[in-house]
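For reference, the structure discussed in these notes is given below.
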Amino acid sequence: MRFLEFDTLTEILTTMRENKLRTFLTGFAVAWGIFMLIILMGSGNGLKNGITANFNDRATNTMMVWSGRTALPYKGFKAYRKVNLTNDEITMLKNRFKEIGAISGEIDRNSTVSFTTESGSFNVSGVQPGYGLINNMKIKEGDGRFINDYDINQARKVIVLSKKVADVLFKNKKALGKWVKVDGLFFQVIGIDTNNTMNNEGKCYIPINTAQKLYQTGNKIYNISFTILGFTTKEEIDAFGQKIRETLGRQLIIHPDDLNTIGLWNQAADYEQTMKIFSTIDLFILFIGICTLIAGIVGVGNIMVITVKERTKEFGIRKALGATPGTILRSILLESIVITSLFGLLGIILGVGLLELIGKAMGVGNESSEGQTMQLFKNPSVNLTLVLGATGLLVLSGLFAGYIPARKAVRIKPIEAMHAE
Amino acid sequence: MPQATSMIRFENINKTYQGVQPLHVLKGVDMNIQKGEFVSIMGASGSGKSTMLNILGILDDYDTGHYFLDGTLIRNLNETKAAEYRNKMIGFIFQSFNLINFKNAMENVALPLYYQGIPRKKRNILAMEYLDRMGLKDWWHHYPNELSGGQKQRIAIARALISQPKIILADEPTGALDSVTTDEVMDVLQKVNETGITMIIVTHEFSVAQRTKRIIHLKDGLIESDSTSHYEIP
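Just so you know, the sequences run in chain order A and B.
Under my numbering, think of the first position of the first sequence as 1, with each following residue one higher.
Under my numbering, think of the first position of the second sequence as 1, with each following residue one higher.
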């Protein structure tokens, strides 16, 4: 059939060019729908990627335990007894559970940290080498190292500063190797932690036994954190957490019904909860996306109806000149396809382009930020198949919306059509 | 004198418009128009002349009777077939010109050839030829809203001629024109007729009808008079 050839396309393009407003209005509905859809989905994905990336800053499966006061009397102990975790519990846990990977106790205090005339009050935490791994701490090349076993064995007076502390005390000068004063004692800086997740803001790390001496707390620790290996489901992890509690309960002489004395947090539960929020966000975005799409469909449909009505006279003339109803119908539908596809493509290009720009701008922003902003937005991207599908749907709906009035229009007798204004 | 052959033959044509009050518009019209004739159809509004034109132009169907166009029975054609006949056999000229606004003069003239599947280049060359015949060659790139009524009608005539039709149907071709332009357009139509194309003009203006060689008067759906009165009127 020759009506699908180049000449037909030229005829359609001429019609489009000479009816710019109409073409634009039809196209705009499509381009805008697709554009908004991409921006919405991209933003949703960016948010998700950003937060997921934050999770990845920590080892995926970590657990932390701490102790509080008992609620029940047990084996001669009164209720409301303060239970303390000690170095013994670390050793016990590590020895008893092969599921535990890296482990670290922690004891912290706010101390005055100073260098020459600069000083500030920061959280100084006594930790073990495992702490770095548990918190996925990455000390960059040239920024030194984290606390290691030698530091612990020799109870060295060494300190790792978070970037914020280093900035406060040293401004732009090199901090590595310098000596800072912590509550009157000198510590040598062995590493700078440039991790920018929020919880190591203004934090300093020293060997745990050095801290216990400095703070004069004996072998007491505030919490124990550790990575756990070989678990896949939340149920398994929860069961393991319960086992840890029971073991610690026996060790610390706590009533079996009073295990809430031992606080326990595991990231898996946290992660799962966040994922639930995400699926809700996903659902919400999908809902808005569908609404946007419907708005686009209605827009295209409306314009097609008006277009056909506006062109009734033209169709009448064309029919009088020998156009068959089929030819006219085909040209209306082809025009609709050309416009919706072209503008759909435009919407895709603009939307994806904007997302790329945003992604880039946010990426740059993160590098230059002073380790303060948590990365909330990362790599905003869209599922291209989904977007192409949505475009296809708009093209189809334009076709459908055009078909019904067009069929009616081409059935009108040419004489009546020509009298229509 | 060449052997006269029938171009249009109406045999007892009836047409009723259905509605709440059915309207019997054509009440058994018989008419015969030979090849190359220059005919005007006159009548008051409601006389059925527009209906007759629509049937002549295969724009509308009739109820009973027979309509032969160049020996072919035109009856119950489907839309596609009707479009093909219109395209090949009939050229239309309308009171309101009915040019397509967003196409320039040349494209308007070339449009019937598009529906014959003639390539664009050839279409445009032919369109320029016909525009030249109408003295509008220099106006080819103008759009209808940039042209005067007379120019528009001449473009419409060029468009009607380009497919080399057997008959030209003109519906009040001068209805929207002043008297000077009317004369010009009638001159053109007369020249077209002299090339051998059958020309049928529907009009209510007597001065226009006068310029044709045969006047058919319609009244209440029947032919009241049919005369070669052109020569009789002083």
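Idealized CB from N, CA, C, for every residue including glycine.
| Quick one: does GLY322(A) have its CB under 8 Å from some CB of chain B? | Residue 322(A) sits at position 322 when you count from the first residue of the first sequence. Yes - at least one Cβ of chain B is within 8 Å of the one on GLY322(A).
| Contact under 8 Å by Cβ, ILE159(A) with ILE221(A) | The count along the first sequence starts at 1 and reaches residue 159(A) at position 159. The count along the first sequence starts at 1 and reaches residue 221(A) at position 221. No, the pair does not count as a contact, with Cβ atoms beyond the cut-off.
| Does the beta carbon of ILE100(B) sit closer than 8 Å to a beta carbon anywhere in chain A? | Reading the second sequence from its first residue, position 100 is the one you call residue 100(B). A Cβ of chain A is located within less than 8 Å of the beta carbon of ILE100(B).
| Run through DSSP, which three-state label would LEU85(A) get? | On the first sequence, position 85 is the one that residue 85(A) refers to. LEU85(A) falls in the strand class under three-state DSSP.
| task | Taking LYS219(B) as the reference, give the member of GLU37(B), ASN12(B), ILE41(B) and GLY36(B) with the closest Cα. | result | As a working mapping, residue 219(B) is identified with position 219 in the second sequence. Ranking GLU37(B), ASN12(B), ILE41(B) and GLY36(B) by Cα distance to LYS219(B) puts ILE41(B) first.
| said: Are the CB atoms of THR194(A) and LYS140(A) within a distance shorter than 8 Å? | reply: Translated into the one-based positions of the first sequence, residue 140(A) becomes position 140. Translated into the one-based positions of the first sequence, residue 194(A) becomes position 194. It is a contact, given that the beta carbons lie within the stated cut-off.
| said: Using only the alpha-carbon positions, how far apart do GLU436(A) and PHE170(A) sit? | reply: With chain A covering 1 to 421 only, the question about residue 436(A) has no answer from this structure.
| Rounded separation between ILE58(B) and THR340(A) - CA only | The count along the second sequence starts at 1 and reaches residue 58(B) at position 58. The count along the first sequence starts at 1 and reaches residue 340(A) at position 340. Taking the straight line joining both Cα atoms gives about 36 Å.
| message | In whole angstroms, give me the CA-to-CA distance for ILE90(A) and ALA361(A). | response | To locate residue 90(A), count along the first sequence from 1; it is residue 90. To locate residue 361(A), count along the first sequence from 1; it is residue 361. Taking the straight line from one Cα to the other gives about 45 Å.
| said: Distance cutoff 8 Å, beta carbons only. Does ILE317(A) sit that close to anything in chain B? | reply: As a working note, residue 317(A) is residue 317 in the first sequence. Chain B contact via Cβ: present.
| Using a Cβ-Cβ distance under 8 Å, would GLY326(A) count as near chain B? | In the first sequence, the residue the question calls residue 326(A) occupies position 326. Yes, GLY326(A) lies at the interface with chain B (some Cβ there is under 8 Å from its Cβ).
| message | So the candidates are TYR403(A), LEU394(A) and THR70(A); which of them puts its Cα closest to the Cα of VAL30(A)? | response | Within the first sequence, the letter at position 30 stands for residue 30(A). It is LEU394(A).
| Across which residues does DSSP place SER397(A) in a beta bridge pair? | Looking up residue 397(A) in the first sequence gives position 397. Paired residues: none, contrary to the question.
| query | By the criterion of Cβ-Cβ separation under 7 Å, what are the contact partners of TYR67(B) in chain A? | reply | The count along the second sequence starts at 1 and reaches residue 67(B) at position 67. What TYR67(B) touches in chain A: nothing, since even the nearest Cβ is about 16 Å away.
| field | LEU399(A) versus ILE337(A) - alpha carbon distance | value | As a first step, residue 399(A) must be located in the first sequence, where it is residue number 399. As a first step, residue 337(A) must be located in the first sequence, where it is residue number 337. Each residue's alpha carbon lies about 7 Å from the other.
| For a contact meaning CB atoms closer than 9 Å, what does TYR115(B) contact in chain A? | Taking the second sequence and counting its residues from 1, the one referred to as residue 115(B) is at position 115. Near TYR115(B) (Cβ distances below 9 Å), the residues of chain A are ARG318, LEU321, GLY322, ALA323, THR324 and THR327.
| Any idea if GLY437(A) is buried or exposed, counting beta-carbon neighbours within 10 angstroms, 16 or more meaning buried? | Because chain A in this structure spans residues 1 to 421, residue 437(A) falls outside the shown range and cannot be described.
| message | At a CB distance below 8 Å, what residues from the segment 51-78 of chain B approach chain A? Give them in sequence order. | response | ASN54, GLY57, LEU59 and ASP60
| request: Report the residues of the segment 18-29 of chain B with a CB closer than 8 Å to any CB of chain A, ordered along the chain. | output: none
| Can you tell which of ILE34(A), VAL83(A) and ILE147(A) has its C-alpha closest to the C-alpha of THR292(A)? | Locating residue 292(A) in the first sequence gives position 292, counting from the first residue. That would be ILE34(A), whose Cα lies nearest to the Cα of THR292(A).
| said: Please tell me whether, using a cut-off of 7 Å, the distance from the CB of GLY120(A) to the nearest non-hydrogen atom of the ligand PLP is below it. | reply: In the structure shown, the ligand PLP is absent, as is every other ligand, since no ligand is present at all.
| At a CB-CB cut-off below 7 Å, which residues of chain A make contact with PRO112(B)? | Taking the first residue of the second sequence as position 1, residue 112(B) is located at position 112. LEU321 and GLY322, listed in chain order.
| Going along chain A, which residues have a C-beta under 9 Å from PRO119(B)? | By one-based count along the second sequence, residue 119(B) stands at place 119. Residues of chain A passing the Cβ test: ASP7.
| Own chain partners of PRO112(B) with C-beta closer than 7 Å, once the 5 adjacent residues on each side are dropped | For the purposes of this step, residue 112(B) is taken as residue 112 along the second sequence, with counting starting at 1. Closer than 7 Å at Cβ, skipping near neighbours: ASN87, ARG159, ILE162 and SER163.
| Any C-beta of chain B sitting closer than 8 Å to the C-beta of MET418(A)? | By 1-based counting over the first sequence, the position of residue 418(A) is 418. Interface criterion met: the Cβ of MET418(A) is under 8 Å from a Cβ in chain B.
| field | Any chain A beta carbon closer than 8 Å to THR80(B) | value | Translated into positions along the second sequence, residue 80(B) becomes position 80. The beta carbon of THR80(B) sits closer than 8 Å to some beta carbon of chain A.
| said: Does the contact criterion of 3 or more C-beta pairs under 8 Å hold for the segment 11-23 of chain B versus the segment 190-200 of chain B? | reply: no
| Alpha carbon to alpha carbon, how far is ALA323(A) from GLY289(A)? | Translated into positions along the first sequence, residue 323(A) becomes position 323. Translated into positions along the first sequence, residue 289(A) becomes position 289. Roughly 41 Å separates the two Cα atoms.
| query | What in chain B is Cβ-close to GLU314(A), meaning under 7 Å? | reply | Along the first sequence, one-based indexing puts residue 314(A) at 314. Per Cβ cutoff of 7 Å: ILE100.
| request: Could you check if VAL109(B) is buried or exposed, using at least 16 other CB atoms within 10 Å of its CB as the buried criterion? | output: Translated into positions along the second sequence, residue 109(B) becomes position 109. Buried.
| field | Contact between the segment 134-142 of chain B and the segment 162-176 of chain B (3+ Cβ pairs under 8 Å) | value | no
| query | Below 8 Å between beta carbons: does that hold for ASN14(B) and TYR62(B)? | reply | As a working mapping, residue 14(B) is identified with position 14 in the second sequence. As a working mapping, residue 62(B) is identified with position 62 in the second sequence. Contact: yes.
| Between PHE3(A) and GLU310(A), what straight-line distance do the alpha-carbon atoms span, to the nearest angstrom? | Position 3 of the first sequence, counting from 1, holds the residue named residue 3(A). Position 310 of the first sequence, counting from 1, holds the residue named residue 310(A). In this prediction, PHE3(A) has a pLDDT of 45, which is less than 50 and means its spatial position is unreliable; what the coordinates show is noted afterwards. Each residue's Cα considered, the two are about 23 Å apart.
| If the cut is a Cβ gap below 8 Å, which residues of chain B does THR340(A) touch? | Position 340 of the first sequence holds residue 340(A). Here the premise fails: no neighbours, minimum Cβ distance about 20 Å.
| said: With a threshold of 6 Å on Cβ separation, who are the neighbours of ARG252(A) within its own chain once the five nearest residues in sequence on each side are excluded? | reply: Residue mapping note: residue 252(A) aligns to position 252 of the first sequence, counting from 1. As written in the sequence, residue 252(A) is Leu, which differs from the Arg given in the question. Around LEU252(A): VAL83.
| Is ASN104(B) buried or exposed, if buried means 16 or more other CB atoms sit within 10 Å of its CB? | The residue you call residue 104(B) lines up with position 104 of the second sequence. Flag for ASN104(B) reads buried.
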